[in-house]
Amino acid sequence: MRFALSAEQAQFRDLVRDLLAAECPAQVVRAGWAGEPAAVGRVWTMLAELGVTGLLVAAQDGGLALDEVYLVPVLTEVGYAGLPGPLVETVTGAALGAALPAGALDAVLAGTGRIAVDEDDDGLVAHGVGATVLLRGGWAGGTPVRVVSTVDLEPVAAVDRTRALARYRSDGTPVDLPVAVFWQRGVLGTSAALTGLARRLLDLTVDYVTQREQFGVPIGSFQAVKHQLAELALAIELASPAVLRAAHSLATGDPAAATHVSMAKVLAGQAAARAATTSIQCHGAMGYTEESDVHLFAKRALALAGAWGPTGWHRRAVAADLTPGKES
Amino acid sequence: MRFALSAEQAQFRDLVRDLLAAECPAQVVRAGWAGEPAAVGRVWTMLAELGVTGLLVAAQDGGLALDEVYLVPVLTEVGYAGLPGPLVETVTGAALGAALPAGALDAVLAGTGRIAVDEDDDGLVAHGVGATVLLRGGWAGGTPVRVVSTVDLEPVAAVDRTRALARYRSDGTPVDLPVAVFWQRGVLGTSAALTGLARRLLDLTVDYVTQREQFGVPIGSFQAVKHQLAELALAIELASPAVLRAAHSLATGDPAAATHVSMAKVLAGQAAARAATTSIQCHGAMGYTEESDVHLFAKRALALAGAWGPTGWHRRAVAADLTPGKES
Amino acid sequence: MSYSPEERRFRDQARSWLADNVPARPLPSGDTREGFAAHVEWERRLFDAGWSVVSWPRAYGGREASLWEWLIFEEEYHRAGAPARVTQNGIFLLAPTLFEFGTPDQQDRYLPAMAAAEQLWCQGWSEPGAGSDLAAITSRAVRDEAAGGWRLSGQKTWTTRGAFCTHLFGLFRTDQEQSRHRGLTYFLVPLDAQGVTVNGFTRLDGDEGFADVFLDEVFVPDEDVLGGVGNGWRVAMATTGSERGLSLRSPGRFLATAERLVALSVERTGAVTEDVAQAWMDAQAYQLMTLSQVTGLADGGELGAASSLSKLCWSELDVRLHESAAGLLGAEAEVAGPWSKGLLFALGGRIYAGTNEIQRNIVAERLLGLPRR
Amino acid sequence: MSYSPEERRFRDQARSWLADNVPARPLPSGDTREGFAAHVEWERRLFDAGWSVVSWPRAYGGREASLWEWLIFEEEYHRAGAPARVTQNGIFLLAPTLFEFGTPDQQDRYLPAMAAAEQLWCQGWSEPGAGSDLAAITSRAVRDEAAGGWRLSGQKTWTTRGAFCTHLFGLFRTDQEQSRHRGLTYFLVPLDAQGVTVNGFTRLDGDEGFADVFLDEVFVPDEDVLGGVGNGWRVAMATTGSERGLSLRSPGRFLATAERLVALSVERTGAVTEDVAQAWMDAQAYQLMTLSQVTGLADGGELGAASSLSKLCWSELDVRLHESAAGLLGAEAEVAGPWSKGLLFALGGRIYAGTNEIQRNIVAERLLGLPRR
């Protein structure tokens, strides 16, 4: 039992990390608030060249045919960078392969296509604006998924303006796919992104409190600040292995995979929500402005914490799974 | 609108406070761990002489015929002192007056009688050992109350050894009384005792952390200690008016009285539970011994937090009351 | 512990006026330029009807209401969903200081105009190097003996609605030899004075509600010194106490939010969840604690450090209320709207008016008597 | 990330032996005199079957198990409801230090006897004036050159099971000129030595599991100095790291408690509550974090300050698990029994082995690099 990434998995993650560090600094995320900048498109294309968008796609469809254990560290890095766009949904949806509308898979594999998912099928979808394909349904792995290829979109203002939120009415065409896996991958990928966001917020805050002085000392020397950040660090350290375990369970067809995936979302959502509020608090008035980068990542964390089932929903799912007689 | 005790109510409370400060110091509570000491009996008698045991009893039955707004500050002081014995239940039960078995009311009014209540009717009762009368039932103001005058008791070890926990089998005789008020008074009285306990634990802890030095300074100068105690102080300041309001609602027949009483138990139980864990934590290893007084009050707080419905039960009761269509 | 017949009549009167006058559609945010104008119009309507400053003397536009009546009015105001008060920095923060420290001339010049929303005040506390640590102020005022006043220079920041206001109150260092709490003076500054530059910037909730205010040798005459030269810290602490305490965040606002949360829970789940019930109880408890504190004040007591308990309570409560709502809203929680904006605004509540870390220090040291380091 | 066939075989073997050997009725508490004897008997049975110290060399009674196998054994041990280890201060705290700093002679004299529960060790860290602040130790050791050793005097307190043990390890000040962390030496002391007095006292959970140990000129020969004169702090920190980290609180114990909590919830409410589900997830997460840390160690890394994360995690988790149970038990929560005693014991977990306040400082300063004051 080694509970860690293999050398290949770590290497793949490092490639993505290096790419994002170079190509997706905070100013690119910030630029995404005013519509997708060219830099974001370039990062998507470069990630696609590494094979990220086709990570779960079968080899005969042109993908890497890798599994969720490869996926999670990659999406954690994407979360850390705050890359705008529906990468979780695109990677998840791309696994449909030939079931996608004509041309969509090629576009996704080239890094130009975007798949948006309205997982709760309520007509409100993140990244609807600019999406190549929209998938609706799949909630809890229990409702059918339909493909919507062209949609009438009405943009909706969101807290995080990179989320390109929109309402739509199109109904779509049912598509045959393993809905449970589709749902679990979306939840898992969102969990991975949340742990990455949480770590980014921790890093930003550690930097800030080490530099910012009040009362003649760095504010990071106050016990109240230290303890908040120590608790945050612990929440992240607990969530990260839980997300990785869920990936492994999904990849190996563990019968408890659904429980493990819900648990990953709960812990990652809690870590990210704590990261968002703690980082704003420790930045003081500076955290309450849009001038600081912390707001970019805190708002993303708040948005993703509610996506693909909020914490309470997944906690109740775990509770139901643990209740005897309800497991089967 | 004056949200405060009247001069008479405050005066009555002060009498009780002074009496308890003189006659019921921590060593009397500690002595109560080895069976009821004479000092405890003396305090009960003196409280009875002030009229406390008959506070709710009708004048024609020899009581003071006062209301819950008088009762709450008195029981808060009793909680603060940690006086052993079922005073909440005795005051509540005494209001039955002539419905009690022959001689019982006189004994209660004299301070020698004790009424124990098995409010959840499960055959396990606090202060069963030494009780003059045992009442069973009344849970949620919905189940009938029965009087058990003589019982076969099997003592049960409790965390707080002054609680004289026992199991019994006697069935008892139904008694006609307003069960809702009986239940609400028991919950309210327990809430009052809990806020008193919480304040005692806060006071003990403030004293300790002001004196105890580590790393060359009083541990109360550390921000982590300060902030824990500030949060505790706030919890107590919030719970106390809520308990008083519930008393007023009960005394004036407010239709929301049941909700207010449950709310009082939730907030008082939370304050006391926080007080118990915070005081033990701030006492360090000293809090983890029976040599320190803190354990006497912390264990009482943990016991009372579970009595007359635990926090979760009362929170669900409030939630149900707030749900439209369930209020009537 | 019940409301008197007079108090009930006062409540009915307020409720009825609000029912007739509160705009049916919410105004645009008062922290944007266009919204601010709409809010000022609302404030003037409120003033004309005598509801702007209910507890003030009649001479200044008030009704000489009791503290209880003030709390009742606030409850009704928020229950009616009436607009947020863009005059609040003036009427809730500066005014108590003017009543306590102002000269009769200052009171006459400023209080009625403030109540009527003709003068719009922002506060000038924070500076880039002085956030939580207010005593680190470096903005300075240099004596201009010839002109009979002072020349103010420096930068104030995080000034709420600074870009839309007409006046600023704040602390400046009049004695450069002194440091920290000493040598500070409280000034009243018109923002149209020569040498003032105001730059708005954007807040966490997306509104342009903050500003940097730059002052370059801005002249302020002696009659606009409040509370005496060198007394700034003491005067400011009185105002800060108001801000943290009762006046800024009356329970009515949180009671109204709690009721909306209860309705949201019923709408989304068919019942009130435990989490929502807890938040509702916490809001109720804050109201009861406030009633208890107000009784103490009415009996001649002082609020003192207990205002830090209030600040801790309402600011943490506000976050919990909005977090509960976000849990109920799920994926919809990210839509820009009252709940999501309210959550971001609530996160600011733990920071402004003295961070909650500082409030906990104050409670521990001043209420509980724990030793300072 | 799966267990290998060998690991699965190891698990089956442990499970099967435990199923056959764990006492059907729980032993009386090992922190009482009568219970201690029963526990020592159990420990000897465990040793004879080779399960006492699975990760140790075979020469000392172990099976040279890997870290994974050790975790597997711990899981099975707690799942089987096997007795708490009264040898733990020896085998989990002192032994790692002996392996790292002990002479071959010390290792031979102490390790096998400790594994066999013939020598029973307690720790002598805390003193009345040195709890969280371990460097404030005042117990002293004075050189006795003639006898070739040291004379130890002073008082150690909060010594777990001190009244029942045969040996004590702890820190004493050998250089009176030095203060704080300097001039301390780590000694191994037999409790039957002349000049030792042990007084038991009662703990929060009602067991007599603590003792004061008084030393009055107790002679300890040079060969029972561990790690060299004056090196006590460094040597002790290694042991403290073990105590706070993996070794004392393996995840198996909390996983087992979480499973019992799930069963309690079903028994009392017919379902698993959200609160219980959260506690169960937290226990799982602690296990996964530990697996991840152990992988780092197996790859040649060091645990370092991450052991503080473990300590924070298991100690807070233990409280939450037992608080959840108390909520389910309601009025029954006050009955003395596994859940109520477990809660009180859990409250101690936040205090001993370095309070959680100190652990949070360590995480912030050493893992996150925040500045010390």
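Line order of the protein sequences matches chains A, B, C and D. Heads up: the first sequence begins at 129 in my numbering, then just goes up one per residue. Heads up: the second sequence begins at 129 in my numbering, then just goes up one per residue. Heads up: the third sequence begins at 343 in my numbering, then just goes up one per residue. Heads up: the fourth sequence begins at 343 in my numbering, then just goes up one per residue. The beta-carbon is built from N, C-alpha and C at its ideal position, and this holds for glycine as well. No experiment lies behind these values; they were computed from the predicted model shown.
The DSSP-derived three-state label of residue 435/B is coil.
For the options 316/B, 314/B and 353/B, the alpha carbon positioned closest to that of residue 333/B is the one of 353/B. With a threshold of 8 Å between beta carbons, residue 361/A makes contact with chain D.
For residue 352/A, the uninterrupted alpha helix (DSSP H) run begins and ends at 351-379, by DSSP. For residue 355/B, the chain A residues whose Cβ falls inside 7 Å of its Cβ are 352, in order along the chain.
Membership of residue 664/C in any beta strand (DSSP E) is not indicated; the residue belongs instead to the alpha helix (DSSP H) covering 648-671.
Nearest in C-alpha terms to residue 308/A, of all of 194/A, 170/A, 389/A and 412/A, is 389/A.
Residue contact check for residue 568/D against chain B: no CB pair falls below 8 Å.
Residue-level contact by beta carbon fails for residue 510/D and chain B, as no gap is shorter than 8 Å. For the pair of segments examined, the stretch 220-237 of chain B was found to touch the stretch 175-193 of chain B: the number of CB pairs separated by less than 8 Å reaches three.
Contacts with chain D at 8 Å (Cβ-Cβ) do not include residue 272/A. In the DSSP annotation of this structure, the continuous segment of the beta strand (DSSP E) that includes residue 560/C starts and ends at 552-563. The stretch 187-211 of chain B is shown to contain whole alpha helix (DSSP H) runs of 4 or more residues at 196-209, in chain order. Comparing alpha carbon positions, the residue from 475/C, 489/C, 498/C and 461/C closest to residue 481/C is 498/C.
Secondary structure note for residue 262/B: its beta strand (DSSP E) is the uninterrupted segment 261-265.
With contact defined as three or more Cβ pairs closer than 8 Å, the stretch 345-363 of chain B and the stretch 440-449 of chain B are not in contact. For secondary structure counted as the beta strand (DSSP E) over 3 or more consecutive residues, the stretch 370-429 of chain D holds no complete run. By the C-beta density criterion, residue 703/D is buried, having at least 16 other C-beta atoms within 10 angstroms. Linking residue 637/C to residue 684/D through their CA atoms gives a straight-line distance of about 44 Å. Take residue 349/D, set aside five residues on each side of it, and the residues of its chain with a beta-carbon closer than 7 Å to its own are 410, 411 and 414, in chain order.
Under the three-state reduction of DSSP, residue 442/A is assigned to helix. Annotated as distal: residue 514/C and residue 465/C, with beta-carbon spacing of 8 Å or more. Straight-line spacing of the CA atoms in residue 580/D and residue 439/D works out to 7 Å.
For residue 365/B, the C-beta contacts it makes with chain C under 7 Å involve 631 and 651, in order along the chain. Using a CB distance below 9 Å, the part of the stretch 452-486 of chain C facing chain A consists of 468, 471, 472, 473, 474, 475, 477 and 478, ordered along the chain. Of the residues 667/D, 631/D and 533/D, the one whose Cα lies closest to the Cα of residue 556/D is 533/D.
Where residue 463/C is concerned, the enclosing beta strand (DSSP E) starts and stops at 463-466. Legend: CB atoms of the stretch 391-422 of chain A lying less than 8 Å from CB atoms of chain D belong to residues 391, 394 and 395. Residue pairing from DSSP places residue 495/D in a beta bridge opposite 482/D. Bounds of any alpha helix (DSSP H) do not take in residue 547/D, whose DSSP letter is neither H nor E. In this chain, residue 454/C is not harboured by any beta strand (DSSP E); it is covered by the alpha helix (DSSP H) spanning 446-457. About 6 Å separates the beta carbons of residue 447/A and residue 616/D, which is inside the 8 Å limit, making them a contact pair.
Around residue 300/A, the same chain offers 264, 274, 275 and 276 as residues with beta carbons nearer than 6 Å, after the five sequence neighbours per side are excluded. Per DSSP, reduced to three states, the secondary structure at residue 509/D is strand. Taking a C-beta distance under 8 Å as the contact criterion, residue 203/B and residue 321/B qualify as a contact pair. In terms of beta-carbon proximity, residue 507/D stays away from the interface with chain A, with every pair separated by 8 Å or more.
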